[in-house]
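Trainee: The listed protein sequences derive, respectively, from chains A and B.
My numbering applies: residue 267 is where the first sequence begins, and numbers increase by one.
My numbering applies: residue 566 is where the second sequence begins, and numbers increase by one.
From the three backbone atoms N, C-alpha and C, an ideal C-beta is built for every residue, glycine too.
After the structure tokens below, expect a handful of questions from me.
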Amino acid sequence: MSALAKAMQRVALPAARPGRSPAGAAWRRLLASPVARAGLGIVSAFVLIGVLTPALHHYEARTDADLTLRLKPPTGAHPFGTDTLGRDILVRVLHGTRVSLGLGVSSVAVAAVVGSLLGLLAGYAGRRADLVLMFCMDILLAFPATLLAIAIVAMIGPGLRNSLFAISLVSIPVYARISRSIVLALREREFVTAAWALGMSDWRLLRRHILPNCLPPLIVQTTLAIAFAILEAAALGFLGLGAQPPTPEWGAMLADSYKYFTSGAWWVFFFPGAAIMLSVLGFNLLGDGLRDALDPRLRL
Amino acid sequence: MGRYAVRRSLTLIPVLLGVSLLVFSFIHLIPGDPALTMLGERATPEKVGEVRRQLGLDRPIHEQYLIYLGKLFRGDLGSSIVRGDPVLTDLLRRFPATVELATAAIVLALLFGIPIGIVSAVWRNSLVDSVSRVWALAGVSMPIFWLGLMLAWFFGVQLRWLPTGFRLDTGTVFDPWTNFVILDAALQRNWGVLRDALRHLILPAVALATIPLAVIARMTRASMLEVLSQEYIRTAEAKGLPQGVVILRHALRNALLPVLTVVGLQVGHLLAGAILTETIFSWPGIGLWVYESIESRDYAIVQGASLFIAVVFVAVNMLTDLLYAAVDPRIKYD
């Protein structure tokens, strides 16, 4: 068989066993993919670090400095080396997990709820509401997301809460668009018409039939949006707009150190950046795996 | 096609108005008195009042917006609060550096992204495919400012192969005509400067190209897979055409259409990414300028540059749409 013919072969997805719930089937498909397993592993590890580090180890960022230990390369005592203030980088990377991941996850949570509701509303509440809402979303999408987030935080002032606001805001339109398009597609489907003809109330219809059908694409989007939000938060931190020193946030740690790269102290920026990349990669791998497991178009 | 182009252009009007409204409202997002925030706590009340008048903050808000809009039509993006220079003049002076960097990045991204995507799709699920997929996913996950730092450190500081900042070596005597240094150097046949400029361009361009490269590779792969599963490809294969012809002539031409849209979208992200890349490499384009203006709280520049980038982004996306309609005869828009 030629390579081309192989490429043309349809992927044979493991068929759902009869009697299993769709969620169970999707879960088993997810675990069947090595890429998704890797993503799930990385994400779980970071979540554990983020949750356990503050519980197991107390860290006082404000008093952490030891100038006798400035810019020491990685050793047994300081596996990731020390930074320009003599702070242990491993400790700060571990404690930064909660800040960076927390910022990513919480801003996406806000965006997901607000965006999906706006999308549902646009798809459900009639033409005028639809036009106005989607026009607003188009305006937000007319800006490259990173630029809009940077510009907004530059205006409202730096800080974690403002970063959260800006990252949520730029993540909203995608959610609104996805949920709106699903609602519009579902409205035409027979089972929805049937439920409506049977006299089901709008609210119940929305909750029982529309929302569950919106979930798979929204779950995929959420995983990928968290990846993007972590990157975005780090970029804001790097530009000095996110978490303020001495808060241990990965992007801000890079900002502290980047002027010293000519001195050859690579560990100062290598480890925080690697943490950003690895966590973002984890969410992206998981999102890709989830898309394969949940995408209804692939459910053969 | 002509009618479609006109209609598509008309949709720009409300979007651009909306964009201008959002950018206009930036100044009102500043907590407290914007004039006071810009000038700092020690400013005299007279000076604060002057800046307030200059910004038009003493007028009702709808009037402020109309004045702002009127100025935009006359090409007035306001003036730098720190230096007093008109924003548009500085913007246009610095834009060529960013265009040069972004062009280099998109060329790199296309040059490597498309072949990687094709190879990945044709040998689907092979080792090559797995490696390039993980590689592409790593690229999408890359904080480019970190990658830039690593590149600068490794190739600039450790190996000393390439410069890590600015567009030319300090001390290079060169009088550019258009501020597109590479173009100017080539036109003036100044090969020494051209070589110097290219050397300075490599690292920032590679850093900026990473994400678009990965996105293009992923899109090319997905799009190729879709096309390869279609009947006409099977027909072409059944006719006994060589595999290379089937892939490059029959499949790739259709597969590249969705890639075109992605490239259009990436241009906007390149301009935003330039803020991070230019900061790392001291590249004197609009990205570095925005970064410096944020630090010095020169809000007029942040505002003007945001508007400018958004307009470029919107325009590029429109051009992509039109190009798409022009190159794909199967699509009829009316």
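1) Between valine 365(A) and chain B, is there a C-beta pair that is closer than 9 Å?
2) Under the rule that 16 or more other beta-carbon atoms within 10 Å means buried, what is proline 882(B), buried or exposed?
3) Around the C-beta of alanine 289(A), are 16 or more other C-beta atoms found within 10 angstroms, so that it is buried, or is it exposed?
4) Spell out whether any CB of chain A is found under 9 Å from the CB atom of histidine 765(B).
5) How would you call valine 571(B), buried or exposed, if buried means at least 16 neighbouring beta carbons within 10 angstroms?
6) So what does proline 651(B) bridge to, in DSSP terms?
7) Which residue from Pro478(A), Ser310(A), Phe494(A) puts its Cα closest to that of valine 440(A)?
8) Verify whether the separation of the beta carbon atoms of proline 262(A) and valine 359(A) is less than 9 Å.
9) Consult DSSP for leucine 582(B) and reduce its assignment to one of helix, strand or coil.
10) Name the two residues that bound the continuous alpha helix (DSSP H) containing tyrosine 441(A).
11) In terms of residue numbering, what span does the alpha helix (DSSP H) encompassing proline 478(A) cover?
12) Taking a contact to mean a Cβ-Cβ separation below 9 Å, would you say serine 445(A) touches serine 382(A) in this structure?
13) With respect to the alpha helix (DSSP H) encompassing histidine 361(A), which residues constitute its N-terminal and C-terminal limits?
14) Which word fits proline 363(A), buried or exposed, when buried means at least 16 other C-beta atoms lie within 10 angstroms of its C-beta?
15) With a threshold of 16 other CB atoms inside 10 Å of the CB of alanine 321(A), please say whether the residue is buried or exposed.
16) Against serine 847(B), what residues of chain A qualify as contacts under a CB-to-CB distance less than 9 Å, listed in chain order?
17) Which residues bound the alpha helix (DSSP H) around phenylalanine 878(B)?
18) On the three-state DSSP scale, how would you describe threonine 348(A)?
19) Between which residues of its own chain and isoleucine 671(B) is the CB-CB distance below 8 Å, once the five residues before and five after are set aside?
20) Can you give me the Cβ contacts of glycine 503(A) inside the same chain, cut-off strictly under 6 Å, excluding the 5 residues immediately before and after it?
21) What residue range is occupied by the uninterrupted alpha helix (DSSP H) comprising serine 310(A)?
22) For proline 807(B), is the classification buried or exposed, using 16 other Cβ atoms within 10 angstroms of its Cβ as the cut-off for buried?
23) Considering only their Cβ atoms, is the gap separating phenylalanine 878(B) from leucine 656(B) smaller than 9 Å?
24) Within 9 Å of any Cβ in chain B, is that where the Cβ of methionine 466(A) sits?
25) Which residues of chain B have a Cβ atom closer than 7 Å to the Cβ of tryptophan 532(A), listed in chain order?
26) Taking CB distances under 9 Å as the criterion, tell me whether proline 538(A) reaches chain B.
27) With a threshold of 7 Å on Cβ separation, who are the neighbours of valine 811(B) within its own chain once the five nearest residues in sequence on each side are excluded?
28) How many Å lie between methionine 789(B) and aspartate 740(B) at the Cα?
29) Residues of chain B with CB closer than 8 Å to the CB of tyrosine 524(A), please, in chain order.
30) Glutamine 753(B) by DSSP, collapsed to three states: which one?
31) Within 9 Å (strictly less), CB to CB, does asparagine 479(A) reach chain B?
32) Does the stretch 852 to 866 of chain B come close enough to the stretch 427 to 440 of chain A that 3 or more CB-CB pairs lie under 8 Å?
33) Nearest chain B C-beta to valine 546(A) closer than 9 Å, yes or no?
34) On the DSSP letters alone, give me the boundaries of the alpha helix (DSSP H) that leucine 399(A) sits inside.
35) Determine the closest residue to leucine 822(B) out of Ile632(B), Ala787(B), Val699(B), Lys636(B), with distance taken between C-alpha atoms.
36) Between the beta-carbon of valine 546(A) and the beta-carbon of isoleucine 496(A), is there less than 9 Å?
Mentor: Checking against the coordinates, here is how it stands:
1) Answer no: the Cβ-Cβ gap between valine 365(A) and chain B never drops below 9 Å.
2) Before going further, note that residue 882(B) is asparagine rather than proline in the sequence given. Buried, since its Cβ has 16 or more Cβ neighbours within 10 Å.
3) With fewer than 16 Cβ atoms within 10 Å of its Cβ, alanine 289(A) is classed as exposed.
4) Judged by the 9 Å Cβ criterion, histidine 765(B) is not in contact with chain A.
5) Valine 571(B) comes out exposed.
6) BP columns for proline 651(B) point to Ser644(B).
7) Ranking Pro478(A), Ser310(A), Phe494(A) by CA distance to the CA of valine 440(A) puts Phe494(A) first.
8) This structure does not reach residue 262(A), given that chain A is present from 267 up to 566, and the question cannot be answered.
9) Helix.
10) For tyrosine 441(A), the enclosing alpha helix (DSSP H) has its first and last residue at 426 to 453.
11) Proline 478(A) -> alpha helix (DSSP H) spans 477 to 504.
12) Yes; because the gap between Cβ atoms is below 9 Å, this pair is in contact.
13) Run containing histidine 361(A): 355 to 390, per the alpha helix (DSSP H) assignment.
14) Contrary to the premise, residue 363(A) reads as threonine rather than proline in this sequence. By the C-beta density criterion, threonine 363(A) is buried, having at least 16 other C-beta atoms within 10 angstroms.
15) Per the 10 Å Cβ criterion, exposed.
16) Per Cβ cutoff of 9 Å: no residues; serine 847(B) is ~11 Å from chain A at best.
17) Per DSSP, the unbroken alpha helix (DSSP H) holding phenylalanine 878(B) starts and ends at 864 to 892.
18) Strand.
19) Exclusion of the five residues before and after isoleucine 671(B) leaves Ala774, Pro777, Val828, Gln831, Val832, Leu835 as the residues of its chain whose Cβ lies within less than 8 Å of its Cβ.
20) Counting only residues of its own chain and dropping the five nearest sequence neighbours on each side, glycine 503(A) has a CB closer than 6 Å to the CB of Ala509, Glu515, Gly517, Ala518.
21) Its alpha helix (DSSP H) spans residues 300 to 322.
22) With fewer than 16 other Cβ atoms inside 10 Å of its own Cβ, proline 807(B) counts as exposed.
23) Cβ distance not < 9 Å, so leucine 656(B) and phenylalanine 878(B) don't count as in contact.
24) Answer no: the Cβ-Cβ gap between methionine 466(A) and chain B never drops below 9 Å.
25) For tryptophan 532(A), the chain B residues whose C-beta falls within less than 7 Å of its own C-beta are Trp718, listed in chain order.
26) Yes, its Cβ sits closer than 9 Å to a Cβ of chain B.
27) Excluding the 5 residues flanking it on each side, valine 811(B) has same chain C-beta neighbours closer than 7 Å at Ile798, Ala801, Glu802, in chain order.
28) Spanning the two alpha carbons is a distance of roughly 46 Å.
29) Among the residues of chain B, those whose CB is under 8 Å from the CB of tyrosine 524(A) are Phe710, Leu714, Ile845, following chain order.
30) Three-state result, glutamine 753(B): coil.
31) Closer than 9 Å: no.
32) Not touching, per the Cβ criterion.
33) Nearest CB-CB separation between valine 546(A) and chain B: below the 9 Å threshold.
34) Annotation for leucine 399(A): the continuous alpha helix (DSSP H) segment containing it runs 393 to 407.
35) The shortest Cα separation from leucine 822(B) among Ile632(B), Ala787(B), Val699(B), Lys636(B) belongs to Ala787(B).
36) At the C-beta level, valine 546(A) and isoleucine 496(A) come within 9 Å of one another.
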